[in-house]
Amino acid sequence: MGRRDSGRAVAQRYRGMARRVTVITCLMVVCACVGLCDATGRTSLRGHSWETPGCHLVGHTRVVKIPDCVPFQMTTNACRGFCVSYAIPSPYRTLAYNPNHIITSRAECCDIIDTHDIPVQVRCVDGVKEIVFKSAKNCACSICRRE
Numbered sequence: 026m027g028r029r030d031s032g033r034a035v036a037q038r039y040r041g042m043a044r045r046v047t048v049i050t051c052l053m054v055v056c057a058c059v060g061l062c063d064a065t066g067r068t069s070l071r072g073h074s075w076e077t078p079g080c081h082l083v084g085h086t087r088v089v090k091i092p093d094c095v096p097f098q099m100t101t102n103a104c105r106g107f108c109v110s111y112a113i114p115s116p117y118r119t120l121a122y123n124p125n126h127i128i129t130s131r132a133e134c135c136d137i138i139d140t141h142d143i144p145v146q147v148r149c150v151d152g153v154k155e156i157v158f159k160s161a162k163n164c165a166c167s168i169c170r171r172e
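Rendered as structure tokens:
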């Protein structure tokens with residue numbers, strides 16, 4: 026009877042250890058997933074919209090200094106984010122057409138698609154002036170251009 030009792034005690038201890046190992050493993054997996062999601066920015070609880078893939082409209086505040094005028098702070102919209110870009114070995118049909126075209130690449134940039142005007146009354150030495158600033162209205166990913 027003594028051996029049977031000690032066998033049950035050992036089995037119970039192993040089951041208890043197995044449960045603890047399972048719980049610890051589950052916690053490690055959850056922590057790894059949370060860390061991965063946070064690192065990609067896709068499910069971050071504290072991130073900004075522009076930290077997710079795509080091109081997003083964001084406010085941009087700055088102090089504007091114009092000679093002989095009172096400095097002022099203003100907010101306009103800008104576009105911020107990241108878009109698709111890649112480089113791959115060229116497919117056979119591309120190489121058949123142009124053997125020197127070894128790499129095929131595509132690059133998209135976050136770009137301002139449309140703007141609107143923001144008129145501002147500025148106090149200057151020679152009186153009040155109206156100055157018009159541009160502000161982004163729409164943003165999108167588009168093919169990058171060299172300018």
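Each residue of the sequence shown is one higher than the last, beginning at 26 in our numbering. All C-beta atoms in this analysis are idealised placements derived from N, C-alpha and C, irrespective of residue type, glycine included.
Exposed unless 16 or more other CB atoms sit within 10 angstroms - verdict on residue i
i    : result
C149 : exposed
N102 : buried
A121 : exposed
I91  : exposed
C58  : Residue placement at C58 is poorly supported in this model, since its pLDDT is 38, which falls under 50; the coordinates still yield a value, given next. It is exposed - the Cβ of C58 has fewer than 16 other Cβ atoms within 10 Å.
G84  : exposed
G106 : buried
C62  : In this prediction, C62 has a pLDDT of 39, which is less than 50 and means its spatial position is unreliable; what the coordinates show is noted afterwards. Counting Cβ neighbours within 10 Å, C62 comes out exposed, since fewer than 16 surround it.
I49  : Residue placement at I49 cannot be trusted, given a pLDDT of 34 that sits under 50; the coordinates are not used to answer.
Residues that residue i bridges to, as DSSP identifies them
i    : result
E133 : I168
Y111 : R131
A161 : T140
V95  : The partner list for V95 (beta bridge, DSSP) is empty, contrary to what the question assumes.
N102 : G84
R148 : V153
Nearest-angstrom Cβ-Cβ length linking residue i and residue j, presumed shorter than 8 Å
i    : j    : result
D142 : V157 : 5 Å
A161 : C104 : 5 Å
E133 : C108 : 4 Å
L82  : C166 : Their Cβ separation, rounded to whole angstroms, is 13 Å, which puts L82 and C166 out of contact at 8 Å.
S115 : T129 : 5 Å
C80  : C135 : 4 Å
Range of the contiguous beta strand (DSSP E) that encloses residue i
i   : result
T86 : 79 to 89
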